[in-house]
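The structure under discussion appears below in the form of structure tokens.
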Amino acid sequence: MAGRARIDISLDAELVVEVMVLAGVASPQDAVEAVVRDYIARGHRTEARVQAQDEPRRTPDPLVQPPQG
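Under UniProt numbering, the first residue of the sequence shown carries the number 1, and numbering increases by one thereafter.
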């Protein structure tokens, strides 16, 4: 990842070890990076689902006629 900005943070060692076990990786850096990438991907999927659900509401159905009276 040459050329990318980096940040150093401190985390509880037990927390990182648990993430390493769950992610199946040997490196604390890789484990935390995997969690962050998963969190971001999950957010994008949620945004896409919400947008897809809202789309039909914004586009009127041409077959449905409003009540006349």
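Virtual Cβ for every residue (Gly too), placed ideally from N, Cα, C.
Which stretch, first to last residue, makes up the alpha helix (DSSP H) that contains Ala13?
Translated into positions along the sequence shown, residue 13 becomes position 13. First-last of the alpha helix (DSSP H) with Ala13: Ala13 to Ala23.
Report task. Work out the CA separation of Gln53 and Asp12 for me, nearest whole Å. Result -> To locate residue 12, count along the sequence shown from 1; it is residue 12. To locate residue 53, count along the sequence shown from 1; it is residue 53. Each residue's alpha carbon lies about 39 Å from the other.
**Message:** For Ile7 and Val21, I'd like the C-alpha separation in whole angstroms.
**Reply:** Looking up residue 7 in the sequence shown gives position 7. Looking up residue 21 in the sequence shown gives position 21. If you draw a straight line from the Cα of Ile7 to the Cα of Val21, it is about 23 Å long.
Pro28 and Val36 closer than 7 Å at C-beta = The sequence position of residue 28 within the sequence shown is 28, counting from 1. The sequence position of residue 36 within the sequence shown is 36, counting from 1. No, the Cβ-Cβ distance between Pro28 and Val36 is not below 7 Å.
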